[in-house]
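Note that the numbering used here numbers the sequence shown so that position 105 is 152, with each residue one more than the last.
A virtual CB, placed ideally from N, CA and C, is assigned to each residue, including glycine.
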Amino acid sequence: MKPVAFDEAETYEPDEGWRRVSMAGSDRFSFEWFEKPPGHSSPMHDHENEQVCLCLEGELTVVSEDDEVTLQKNDSVLLESNEPHRVENTGDERAVGLDVFAPGRSFDFWTDREE
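What follows is the structure, given as structure tokens:
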């Protein structure tokens, strides 16, 4: 067993108010808790990992090249491997979500990427 206490987990803040917390996972899958302030959007990006984005609080809009879906509390969406997308907080309050990646990944995806 490999527990991860939320307050002691590896944390990364790519932009002010956009915080990601690395939860328990492995090379096969990983979980990242995140929060976004109102109006924040990640840049359009893609990655080799399949991704499930689950909205825990607020409202998240997930935009791909061909589609757009707005997630409310407990809604989720699957993003295929290498599918370009961005995640936006289109609501008026902080949004909280959980991303699941397979295979697993680290914060190196954000820290080592070129714009």
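Beta carbon of Phe78 nearer than 8 Å to that of Gly72: yes
Of the residues Lys120, Arg75, Leu101 and Asp74, the one placed nearest Leu126, counting alpha carbons only: That would be Leu101, whose Cα lies nearest to the Cα of Leu126.
Nearest neighbour of Lys49, chosen from Tyr59, Glu63, Ser69 and Gly64 [CA to CA]: Ser69
Any 3 or more C-beta pairs closer than 8 Å across the segment 82–89 and the segment 134–143: Using a C-beta cut-off of 8 Å, the segment 82–89 makes contact with the segment 134–143, since at least three inter-stretch Cβ pairs fall below that distance.
Bridge partners - His94, DSSP secondary structure assignment: Residue pairing by DSSP places His94 opposite no residue, since no beta bridge is assigned to it.
Closest residue to Asp113 among Leu103, Val143 and Glu130 (Cα-Cα distance): Glu130
DSSP-derived helix/strand/coil call for Glu106: coil
Inter-stretch contact at 8 Å, needing at least 3 Cβ pairs: the segment 142–154 / the segment 91–98: yes
Selected residue, minimal CA-CA separation from Thr108, among Ser128, Val143 and Glu55: Val143
Contacting residues, own chain, Cβ-Cβ under 6 Å from Val51 (five flanking each side not counted): Cβ-Cβ distances below 6 Å link Val51 to Met70 and Ala71 in the same chain, with the five nearest sequence neighbours on each side left out; the list follows chain order.
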